[in-house]
Structures are given as structure tokens and as C-alpha cells.
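The block underneath contains the structure these notes are about, expressed in C-alpha cells.
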DNA sequence: CTCGCAATACCTCATTGGAGGTAGCACGAC
DNA sequence: GTCGTGCTACCTCCAATGAGGTATTGCGAG
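Protein chains in written order, with the working numbering: chain P, 1 to 207; chain A, 208 to 414.
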């Protein structure tokens, strides 16, 4: 029996590439293509695929939220992330949300196929370059919601005083949050904290 | 006679997608795939394609440098950029380097095909979402080499004093550069200057 | 029930950062 | 030759930032 796969990616070119790779395999069957998270959730309900290939950062509902929704309804669904983003925060969030694999788009075609097959077989798929990021000296960093909020405003160039105003707190509180942020990210100042956070996928430019 | 196309992209999945899209067209022929800029330059020498589809930001030689090299040797070569990055600085640099088209990866498959055909026919290919960025209120910003250098260091969290030390200048000079940078980018402070520059493709995180 | 932690707020202090102005020098464009 | 511009450097001044510290509240885990 063949492995049914649902592709979820907002780039038509990428979808075409994955489809081309998988349809060459006699034991695989692409049952649908979704272009964002919400569509992905709906289509996996409809087609009940063995494996969902999922991009992160799509317009509308992103991949992480989609993974959570799918896993909530179908805890046994196999979801493999296929994305260009290699920030360790993204990897952690995806796996925490319930993904069973994480591939980067510079993965060779053959390896994508193998990953789908392994995922369908119930195995975890974490290639060594990705696994490296998980283990690396970057010890798992969790910013609190408040800290994320403050950091996002700092990235937009707001001064502590202005951040305090928009979140309805005192400037001193904002300073403490930023101090914790810089400490957690091992940043010398707010500017480096922002670049580190962007690099590791902790915040995004389009907030 | 069919249109010969060279694909240059570091993502195997994307290459497969483009190949799948173009080989469906009877008048198109994918003559090769390169995975970085240097390979792209070499392969277009070898295969003399009508159109080169070029990604930006590849490991080793990037797309911009590759476009410059190709155009220097073959001013009539048609080069179409196909990338995920929509910062206006990237678009400007690519067109300045000699690209005759600029597509984003969220372009529909059919439009990619049309773009290749138009490029081969000698027409410029700037879809409206991209053209929008060119015209947009973002009036072309050019940072000087020194300013780019200073901004990159600022992004890494160096203080003005430290930036001054590594570039062998006084702190006051660094301040002036940063002042000009913030003025050009319309940023409230160095932190916003960094995020704006990252967003618009003026600097990259992996400097 | 405690313990830990997030979030809040206050304090002091030294350093940094950014606004404003002026000005010399080198180089390329016109 | 002159103009514009990039790069350099100096000056002053005040606001903002970051490093220390302490402490209260509330909440969830154990």
C-alpha cells in the first residue's frame, strides 16, 4: 500500500518540486497541496494522509500553529517540516508542536524521499545538520511572552520609555525585561539581542 | 527552436520544481542545474543558455556577483532572478547587476513559465508585486561601504567605541556614520536601523 | 503548603548613545 | 577649476541605556 502525502507550502515552485520528487516513487502518492496552514489543516482532515510535509512561516496560519491543530485532532498523524529556516527556536517549536521530522530545503531530493518513508514508518527524521543545531552550544532559550513582546518593540526602534507606554508598564519594568532578555540571549546590548533573536527564529521581522 | 534554460539555485527541491514546471512546456529545455553562483557562471559558459534562472544568497558566490560576471562576459545573456527575498535593496542590486527579471518564489508556476518566455523574447519581467517595491515610498537608499561596515558591526552588538577600534577610527567618526545611517534609513535608533536594513536586504545576518 | 518564577516596581550609578554644529581632505564629475 | 560627496575628526549637551541591587504580588508545580 502506498504512502499518501499532503504538501503544505506557500511557494508553488516548491510544491511542484516536492510533487515531482515524490511522484517518481512508486510507493508514494501526493494526495493534495495546501498553500497555508489553515488549508493544510482542512485538507489533512479531508484526505487523511499518512504524512504531511509542512513549511513554516506561511501567510495566514503558520506551520507551527497548523501542526498543533493537526496533532490535537490526530495525535498519530506524521508531520515532517520542510523549510529554509534553521533557527534553533523554529526547530524546537516545531518538534514541541508535534512534528516528527525537520528538513531544510537544501536537503537532497533523495533524502526528502527517505524522510517521508521513515516518517511513515514511525521513525523520527532529524538529519545531522539539524540535529547539530539542537545539541549545539545554544542551550534552549525560552523567552517569556512579555519578554518577546518587549523585544519585538525594541526591534522596531522604540525606546524603553515608549515600550513602557504601549504595554502600560513603567520604564523600569521594561528595563528589567530587557536585562533578562540580553542575559538569556547572551547579547551585549539590545541591538545584538534583536539580531540574535532574528537569527535564531525567536522573533520575526514582520511582527 | 526551443528556449534553453539554466537553473541556478542551492535548493534541490526548488530546482526540481522549476525543472518540473519547465519540462512540461514543449518550447523549453532545461540544459543544466547549478547549485551556486560559481557553478552557474561556469555552466552558462558551457551550455550557452537563452535564459538563466538565478537565485540570490547561495553559499559561496551569491547570485548578484554571478549576474555581474555573466553580464560582463555575455552582455546579451538573459538572466531572471527567482528568489524568496523581496527586500528592495536586493531587487535594485539584481537589476543594476544586469538581471532582466525578478520573480518571487510565491509566483505561480504558469507565471514562471511566462517570465522565461518573455525574458527569452527580450522583454523585462517585473511582476507588479515586485514593481510595487521598486516604486514604493522607499526611496532608493544607498549606504556607503563604510556605513555598511559600521552597520554590520552595530548589528553584532559592538558599541561605538569597539567599532571604532576594529575599523581603526575614532568613536566620533563612528557616531557620524551611524547618524547618517539612521537618517538614510529613517530609523529612530541603531536597533531599528539594523532591523530595517535586514528587512530591506541591505545587510544580512550571516555577515 | 512551599518553592520557584514571571512580572511588577523602585533605587543608584557610570557609561553609552544620539542631536547639533563645524571643518579639513581627497577624489571624481562636470 | 569648482562642486559635490565620502570620510575623517572635533566640540558640547542631555537623554537613554545597562549594571547592580532589593522587594512585592500572584500563580502553578511539586
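Built from N, CA and C at the ideal position, the CB exists for glycine as well.
Sequence-ordered contacts of the stretch 9-21 of chain P with chain A read 10, 11, 12, 13, 14, 15, 16, 17, 18, 19, 20 and 21 [C-beta pairs closer than 8 Å]. Within 10 angstroms of the beta-carbon of residue 49 of chain P lie 16 or more other beta-carbons, which makes it buried.
Chain-ordered listing is empty here: chain A has no CB closer than 9 Å to the CB of residue 197 of chain P, the nearest sitting near 10 Å. Contacts with chain P at 7 Å (Cβ-Cβ) do not include residue 306 of chain A.
Comparing alpha carbon positions, the residue from P:26, P:87, P:156 and P:39 closest to residue 117 of chain P is P:26. Just so you know, the alpha carbons of residue 412 of chain A and residue 276 of chain A end up roughly 25 Å apart. Listed along chain P are 191, 194 and 195, each with a C-beta nearer than 7 Å to that of residue 401 of chain A. Look at the stretch 309-331 of chain A: the residues with a C-beta under 8 Å from a C-beta of chain P are 312, 313, 314, 315, 316 and 319. In this structure, the alpha-carbon of residue 125 of chain P lies about 23 Å from that of residue 45 of chain P. Residues of chain P with a Cβ closer than 9 Å to the Cβ of residue 247 of chain A do not exist; the shortest Cβ-Cβ separation is about 16 Å. Residues are counted here when their Cβ sits less than 8 Å from a Cβ of chain A; for the stretch 151-171 of chain P these are 154, 155, 156, 157, 158 and 159, given in chain order. Look at the beta carbons and you see the stretch 240-247 of chain A not touching the stretch 384-397 of chain A: under three pairs across the two are nearer than 8 Å. At a cut-off of 7 Å between C-beta atoms, residue 64 of chain P does not count as an interface residue with respect to chain A. The DSSP assignment places 101-104 as complete runs of the beta strand (DSSP E) inside the stretch 92-151 of chain P, in order along the chain (cut-off: 3 residues).
Judged by pairs of C-beta atoms under 8 Å, the stretch 73-86 of chain P touches the stretch 97-107 of chain P, as three or more such pairs exist.
In the DSSP assignment, residue 239 of chain A falls within the unbroken beta strand (DSSP E) covering 235-241. Neighbourhood of residue 394 of chain A in chain P, by CB distance below 7 Å: 157, in chain order.
Contact of residue 205 of chain P with chain A by beta-carbon distance below 7 Å involves 402, 405 and 406.
Annotation for residue 54 of chain P: the continuous beta strand (DSSP E) segment containing it runs 51-54. Residue 398 of chain A and residue 155 of chain P do touch by the CB rule: their CB atoms are close to 7 Å apart, below 8 Å. A distance below 7 Å separates the beta carbons of residue 13 of chain P and residue 224 of chain A.
In this structure, the CA atom of residue 360 of chain A is about 15 Å from the CA atom of residue 396 of chain A.
Spatial neighbours of residue 161 of chain P in its own chain (CB-CB distance under 6 Å, excluding positions within 5 residues in sequence) are listed in chain order as 171.
In the three-state DSSP reduction, residue 57 of chain P falls in the coil class, being neither helix nor strand.
Around the beta-carbon of residue 72 of chain P, fewer than 16 other beta-carbon atoms lie within 10 Å, marking it exposed. The three-state secondary structure of residue 158 of chain P, taken from DSSP, is coil.
Relative to the Cα of residue 261 of chain A, the nearest Cα in the group A:213, A:230 and A:235 belongs to A:213. Classified as buried, residue 157 of chain P has 16 or more neighbouring CB atoms from the shown chains inside 10 Å of its CB.
When rounded, the separation of the alpha-carbon atoms in residue 215 of chain A and residue 199 of chain P is 25 Å.
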